[in-house]
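A.B. asks: Quick note: to get my numbering, add 24 to the position in the sequence shown (first position is 1). Yeah, the Cβ is synthetic: ideal placement off N, Cα and C, and Gly gets one too.
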Amino acid sequence: MKSQPSASQRPVKPGGNDRPATSRSTGGPGFRPGAGRGPMHMGMPAEKPKNFKVTFKRLAKYLQPRRFALTAVFCTAVISTVFSIVSPKFLGRATTKLFEGLMGKMRGIPEAAIDFDYILRIVIILAGLYIVSAVFMFIQQFIMAGIAQKTVYDLREEVSAKLTRLPLKYFDSKTHGEILSRVTNDIDLVSTTLQQSVAQIITAVVTLVGVIIMMLSINWLLTLITILSNLLHTAAR
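(1) Would the beta-carbon of Y142 fall within 8 angstroms of that of K113?
(2) Under 8 angstroms by Cβ, that's how I've got S241 and S157 pegged, so tell me the actual separation to the nearest angstrom.
(3) State whether the stretch 143–150 contacts the stretch 87–99, with contact taken as three or more CB pairs (one from each stretch) at a distance under 8 angstroms.
(4) N243 by DSSP, collapsed to three states: which one?
(5) Apply the 10 Å Cβ neighbour rule to I171 and answer buried if 16 or more other Cβ atoms are within range, or exposed otherwise.
(6) Keeping to the same chain, check which residues put their C-beta closer than 6 angstroms to that of V207; ignore five residues upstream and five downstream.
(7) Can you name the start and end residues of the alpha helix (DSSP H) that T208 belongs to?
(8) Can you find at least 3 beta carbon pairs, one from the stretch 188–203 and one from the stretch 213–225, that sit closer than 8 angstroms?
(9) Closer than 7 angstroms by C-beta to G128: which residues in its own chain qualify, once you throw out the five before and the five after it? Chain order, please.
(10) Given this structure, state the Cα-to-Cα distance separating V230 from I133, to the nearest angstrom.
(11) Using only the alpha-carbon positions, how far apart do Q1 and Q219 sit?
(12) Suppose contacts are defined by Cβ-Cβ distances below 8 angstroms. Is I179 in contact with I203 by that definition?
(13) Among A260, F160, F123, L115, which one has its Cα closest to the Cα of I148?
(14) Between the Cα of I138 and those of T250, G152, I163, A118, spot the shortest distance and give me the residue it belongs to.
(15) Give a yes or no on whether the C-beta atoms belonging to I109 and V235 are separated by under 8 angstroms.
(16) Which same chain residues end up closer than 8 angstroms to M168 when comparing Cβ atoms and leaving out the 5 residues on each side of it in sequence?
(17) By alpha-carbon positions, which one of M239, A260, A259 ends up nearest to T250?
(18) Less than 7 angstroms between C-beta atoms, sequence neighbours within five positions excluded: which residues of the same chain meet that for T227?
(19) Anyone know if the C-beta pair for S111 and Y154 falls short of 8 angstroms?
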């Protein structure tokens with residue numbers, strides 16, 4: 025008689041449910057299903073502050089010792105934005121001079137010619153304006169990066185000191201990934217916000233005010249019509 029094949033020697037059918045039994049880890053204290061995604065909690069939605077005003081005040085407390093550096097960031101952002109806004113006006117002068125010369129030639133005016141010397145001076149001025157704007161933009165980002173890194177350093181020191189004072193039951197009730205996320209991911213988000221969002225907000229506000237002033241200096245009636253039409257279009261949505 026032939027011996028029957030053992031369970032380990034039996035062929036497994038494709039798509040079947042014959043799988044070797046594996047033990048499932050129940051985890052240590054504080055284990056929760058779905059956790060353990062690493063320190064960054066990849067795939068989990070970012071939490072929003074429960075009270076924005078309180079969160080903003082706490083962040084402002086860390087930025088208060090660096091108010092002079094923030095003032096320098098604001099000033100450099102204003103200078104950079106102003107040079108960027110003024111540049112199109114000079115470009116318009118060069119375009120107007122070029123258009124006048126071309127129209128004069130098309131109409132057959134004998135003394136009509138394109139003033140290339142004037143256009144060249146405008147191009148040199150434009151190049152200088154864009155270079156100065158880029159330099160001040162670089163200074164703004166450099167200072168803001170220093171502010172963000174120093175603020176994050178203070179936050180990490182406070183978090184480290186706080187973790188050493190916490191009782192053991194806190195670590196039993198939290199997963200390792202959640203604690204690491206607070207120390208790494210959340211503080212990195214603060215650094216990104218300070219380094220990018222704050223500078224972008226300052227630049228956006230200065231650009232909006234500067235563009236409106238520039239438009240009013242060119243043609244105040246068309247500026248009012250444009251602003252009113254945009255407001256009506258926004259309100260109609």
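C.D. replies: Let me spell this out:
(1) In this structure, Y142 lies away from K113, with their beta-carbon atoms at least 8 angstroms apart.
(2) At roughly 19 angstroms, the Cβ-Cβ gap does not stay under 8 angstroms, so S241 and S157 are not in contact.
(3) Verdict: no, contact absent.
(4) Coil.
(5) With 16 or more other Cβ atoms within 10 Å, it is buried.
(6) Excluding sequence neighbours, V207 sits near V183.
(7) Membership of T208 in any alpha helix (DSSP H) is not indicated, and neither H nor E is assigned to it by DSSP.
(8) Taking a contact to require three or more Cβ pairs closer than 8 angstroms, the stretch 188–203 and the stretch 213–225 do not qualify as touching.
(9) Same-chain partners within the cutoff: A136.
(10) The alpha-carbon atoms of V230 and I133 are separated by roughly 45 angstroms.
(11) Lying before the first or after the last residue shown, residue 1 is absent from the chain, which here runs from 25 to 261.
(12) Note that residue 179 is Leu in the sequence shown here, rather than Ile. With contacts defined by Cβ atoms closer than 8 angstroms, L179 and I203 do not form a contacting pair.
(13) Nearest C-alpha to I148: L115.
(14) Cα-wise, what sits closest to I138 is A118.
(15) Yes, they are a contact pair.
(16) Same-chain partners within the cutoff: V97, L218, Q219, V222, A223.
(17) Selected option, being the one with the closest Cα: M239.
(18) So the qualifying residues of the chain are A101, T105.
(19) Taking 8 angstroms as the Cβ cut-off, S111 and Y154 qualify as a contacting pair.
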